[in-house]
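Colleague: Sending over a structure as structure tokens; questions will come in a sec.
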Amino acid sequence: MDKGKGILERIRECPVFIKKCLFFIKKCPVFLLLVVSGLLFTAVGIAGRFSLYGGYEWNPWNRPFLALMMEGLDQGVTPLDVCGAVWPVWNGTDAAAATARGEGQSLDGFAEAETVSEERLDTAGETVEDTETASAADGAVQGAEAVNPEDAIVAGQAAEADETVTYDFQAVTEDYFNDAVFIGDSRTVGLFEYGGLEERADFFAKISLTIYDVFTAPVAEDEETGEKITVEDALEKKQYGKVYLMLGINELGTGNTEYFMDHYTAAVEKIRQLQPDAVIFVQGIMRVTGEKDESDPIFNNTNINEKNEAIATLADNRNIFYIDVNEVVCDENGNLVHEYTIDEIHLKAKYYEIWKQFLLEHGIVKG
Amino acid sequence: MTAFTELEFLFRFFPAFLAVYYITPVKYRNTALLVGSIIFYAVGEPYFVLLLLAAVWLNYAVASKINYYRNEHRVKEKCVLWLGVAMALDVGLLTAFKLSGAFFGTSVLPLGLSFYVFKMISFQADVCRGEIKELPTFKRTAVYFTMFPQLVSGPIMRYNEGSFSSEGREYSWEKLEEGLWYFVMGLGTKVLLADRLAILWKDISVIGYESISTPLAWLGAAGFSMELYFDFWGYSLMASGICVMLGMPFIENFDHPYASKSIGEFWRRWHMTLGKFFRDYVYIPLGGSREGDSRTVRNLLAVWLLTGFWHGGSLNFILWGMVLFVLIVVEKLWLSGVFRKVPFLGRCYVLLLIPVTWVFFAITDLEQLSIYLGRMFPFFGEGIAVNTNDVVKYLHMYRVYLAAGVVWCVPAVYRFFEKHRKNPVAVVLTVLVFWLSVYCVVSMGNNPFAYLKF
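Chains U and W are the protein sequences, given in the same order. So for the first sequence, our numbering puts the first residue at 1; every next one is plus one. So for the second sequence, our numbering puts the first residue at 368; every next one is plus one.
Laid out in structure tokens, this is it:
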């Protein structure tokens, strides 16, 4: 009896409750919306924590669950994806709870749950792949092998070219750059803007360009239409005499050197295919200052030097040449000269001249 | 945690504090605020919190002496003497820390010292003058000095401007909502505008000042002017918004200064609580503008020297204060009549000169400062390796933030939103601004190199 009365009373109170709700919605809508959306985002964050956001950092003090959702958005994972990933698990647990009713159903449920955990492995993706490549010790060897047959083809094309002939660097004049193209990240952007070569050479450069997206990012310009096109398309349209490449600092945070070099080698091969007659200059990554070197766990010179040593192995001194601008912009300790930079990474505008002079002293003239 | 834009403040400290504050019976809310404020400060400054507590205690002890001689014994000399002790204590504390930065190079300025010491000075002066009629209890005084919304960057509220007894405040859902609106607007102004425009200023420094074109130098100055404004105004809005949410009045610190018609007016509308502080405790006690032009100039010099020094120990801040002093004197003596007749001229004058003064403020290295000024006014020489198209690039890169910034400087725009903040569209917009800001904070925090992509 009491219970029934309670329910009746509750029903009778309902309008009061609704009135109270309306009262709050009217009085403090922003506050309410923020609280509700905050709780919702937290729920998404918690759900994602056990599925798609598994790899993100969570911290009870300064990294709330809803931050995971924001981070997901930043990485292109929407809350809907999280719902999609969590829903089967939810169903699965439901089914598991109802095991007594039917075995088949619950089995299905578990199967679904397994797919989800696999998915989670995938998103943690890259790191897993990296370790695999790392453990496959022959990664670098594979890369080296891959270059050689390519050279053979080129040698075949350039019929009489002697495979044993190598070339030495020599000083050249600025018109050397008339048929050159520079591919690179913000450092190369700086060379374009302040090196005084913009009239002569083409520049396919963009801030935060990496070896991973160098062919897919729209960083070149179609000379006829002025449209943004990819480096791949641009290199197909026009033949160059020299291709300068400097990439690798943005990549320091992702993947190990083997992983990086797989992509770097492939990129050089692709350039070789697209530009069979061009001299390819692979440039060592410009280092950072000593202060940066000491304070940064990722963007430091130890990591840069490791990559540079690997890049240098690509040189055959016939078609591919390794040049290292660090020879002229670093101090006796091998750190970028402090006065040359404000942010410890990029040359100040007036010092790009040093880089240009270095390039002028390292021309390759065949025949 | 001491920055309002950090996640641990937005989603940990503040909601928790707000809940505790409102659950606590009205009688004990001051205690809650005091404890909360000390926790807030201790997280950011685990050692200097002791200095803060000592300063609070000492100031209260001295203030009760002043009060004793003023209200009970009526010995004016003793009253003034103790005020002198208070000034020596507070000004000495501030000067010692400011100068230590200038002389030893490493700045060890405790968080918010410049602000809470100014509150203490104003409190002592107000007790001595009798503007604070009765000496408040220790707890109320301590709440006034340490209250966390104003502890780190002001506004420099006066004791009389709010009620520091728990019972004297106004608690309501409407107040909560109103304060929240100010808070969200402040958050958006700081995160979505100031922090974006800060990258432009950073970009320009990376090029090296000797290599920027004259238009870019001006764009940089304009960008920095907006950045500084949005940073500080946004912060002040957040601070005052929190105060409103706690049941206190809204303390105005910025009144759309870039819409001013003279530089004097600009400074009455920029960081208003600081301007009022110098007016009431320095300028007017020295005689103000009532004792002839030469005295006025002397008083202005004192105010602007102090203003420069207060902003930072290094020489460029003194220089900045002196530039403003000269501009304001010139304006007061010769230009004010012209500007009154043709307000348009005054507006142009403000918009042209204020960014130049901010360059003095922005660049602490005097050599670099002269290079930058040389690029703004390229009569004395050319730059090195200047790319004349650079301004096009940065205008394009920052066009959204620059345009939004200009719009947000217009008083009518802000007032329109303020007036219609209860409109459903505005409500949704406010919520969007909040989450967009949080998104930016998260994605920046996640990528410390957001300022510097290579």
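C-beta atoms are modelled at their ideal positions from N, C-alpha and C, and glycine is treated no differently. Remember, predicted model here, so these are calculated numbers, not experimental data.
(1) Does any residue of chain U have a CB that is nearer than 8 Å to the CB of residue 378(W)?
(2) What residues in its chain sit with their C-beta under 8 Å from that of residue 728(W), if we drop five residues either side in the sequence?
(3) Name the DSSP beta bridge partners of residue 242(U), please?
(4) Please report the distance separating the alpha-carbon of residue 775(W) from that of residue 781(W).
(5) Below 8 Å on the Cβ atoms is my contact criterion, and I expect residue 288(U) with residue 301(U) to pass it. Report the Cβ-Cβ distance as a whole number of Å.
(6) Out of 799(W), 691(W) and 586(W), state which residue places its alpha-carbon closest to the alpha-carbon of residue 770(W).
(7) Quick check on residue 598(W): buried or exposed, where buried means 16 or more other Cβ atoms within 10 Å of its Cβ?
(8) Helix, strand or coil: how does DSSP classify residue 497(W) here?
(9) Can you tell which of 316(U), 335(U), 267(U) and 313(U) has its C-alpha closest to the C-alpha of residue 299(U)?
(10) Using a C-beta cutoff of 8 Å, does residue 98(U) count as contacting chain W?
(11) Entirely within the stretch 742-766 of chain W and at least 4 residues each: give me those alpha helix (DSSP H) ranges in chain order.
(12) According to the neighbour-count rule (16 or more other Cβ atoms, all chains shown, within 10 Å of its Cβ), is residue 170(U) buried or exposed?
(13) Okay, do the stretch 540-557 of chain W and the stretch 626-635 of chain W touch, 3+ Cβ pairs below 8 Å being the bar?
(14) Using a 10 Å radius around the Cβ and a threshold of 16 neighbouring Cβ atoms, would you call residue 330(U) buried or exposed?
(15) What in chain U is Cβ-close to residue 797(W), meaning under 8 Å?
(16) Tell me whether the beta-carbon of residue 189(U) lies closer than 8 Å to the beta-carbon of residue 211(U).
(17) Am I right that residue 358(W) and residue 754(W) are in contact with their C-beta atoms under 8 Å? What's the rounded C-beta distance?
(18) Report yes or no: do the stretch 615-625 of chain W and the stretch 785-800 of chain W share at least 3 C-beta pairs separated by less than 8 Å?
(19) Check the Cβ of residue 191(U) against every Cβ in chain W and list those closer than 9 Å, keeping chain order.
(20) Can you find the residues in the same chain that come closer than 7 Å, C-beta to C-beta, to residue 352(U), ignoring five residues on each side of it along the sequence?
(21) How about residue 79(U): is its C-beta nearer than 8 Å to some C-beta of chain W?
(22) Verify whether the separation of the beta carbon atoms of residue 30(U) and residue 798(W) is less than 8 Å.
(23) Kindly indicate the opening and closing residues of the beta strand (DSSP E) around residue 625(W).
(24) Ordered along the chain, which non-local residues of its own chain (more than five positions away) have a Cβ less than 8 Å from that of residue 429(W)?
(25) Which residues of chain U have a Cβ atom closer than 7 Å to the Cβ of residue 548(W), listed in chain order?
(26) Run through chain U and tell me which residues come within less than 7 Å of residue 801(W), C-beta to C-beta.
(27) Between residue 653(W) and residue 644(W), what straight-line distance do the alpha-carbon atoms span, to the nearest angstrom?
(28) Examine the Cβ distances between the stretch 377-391 of chain W and the stretch 350-367 of chain U and report whether three or more of them are shorter than 8 Å.
(29) So which residues of chain U does residue 543(W) contact, with C-beta pairs closer than 7 Å?
(30) Does residue 21(U) pass the burial test, meaning 16 or more other C-beta atoms within 10 Å, or should it be called exposed?
(31) Taking the CB atoms as reference points, tell me whether residue 323(U) and residue 245(U) lie closer together than 8 Å.
(32) What ranges does the beta strand (DSSP E) occupy inside the stretch 396-441 of chain W, keeping only unbroken runs of at least 3 residues that lie completely in it?
(33) Beta carbon of residue 416(W), beta carbon of residue 422(W): below 8 Å?
(34) Can you check which of these residues, 248(U), 239(U) and 263(U), is closest to residue 187(U) by C-alpha distance?
(35) Between the C-alpha atoms of residue 433(W) and residue 500(W), what's the straight-line distance to the nearest angstrom?
(36) Got a sec: is the Cβ-Cβ distance from residue 600(W) to anything in chain U below 8 Å?
Modeller: Concretely, from the data shown:
(1) Chain U contact via Cβ: present.
(2) 595, 678, 683, 684 and 687
(3) 180(U) and 279(U)
(4) 7 Å
(5) Correct: roughly 6 Å between the Cβ atoms.
(6) 586(W)
(7) buried
(8) It is coil, neither helix nor strand.
(9) Among 316(U), 335(U), 267(U) and 313(U), the Cα nearest to that of residue 299(U) is on 335(U).
(10) Summary for residue 98(U): the model assigns pLDDT 39, below 50, so the residue's position carries little reliability, and this model does not support an answer.
(11) Runs found: 757-764.
(12) exposed
(13) no
(14) buried
(15) 30
(16) Contact annotation: residue 189(U) and residue 211(U) have beta-carbon atoms that are not nearer than 8 Å.
(17) Any question about residue 358(W) goes unanswered here, given that chain W covers just 368 to 821.
(18) At 8 Å Cβ cutoff, the stretches do not touch.
(19) Within 9 Å Cβ-Cβ: nothing; residue 191(U) doesn't reach chain W, min ~11 Å.
(20) 190, 191, 194 and 195
(21) Under the 8 Å criterion on CB atoms, residue 79(U) is classed as non-interfacial with respect to chain W.
(22) yes
(23) Looking at the DSSP string, residue 625(W) is not in any beta strand (DSSP E), and its letter there is neither H nor E.
(24) Within the same chain, Cβ atoms closer than 8 Å to the Cβ of residue 429(W) are found at 449, 452, 453, 456 and 491, the five residues on either side in sequence being excluded.
(25) 30
(26) 34
(27) Between residue 653(W) and residue 644(W), the C-alpha separation is close to 13 Å.
(28) no
(29) The contacting residues are 28 and 31.
(30) The residue in question, residue 21(U), is exposed, as its Cβ has fewer than 16 Cβ neighbours within 10 Å.
(31) no
(32) none
(33) no
(34) Distance from the Cα of residue 187(U) is smallest, within the candidate group 248(U), 239(U) and 263(U), for 248(U).
(35) 12 Å
(36) no
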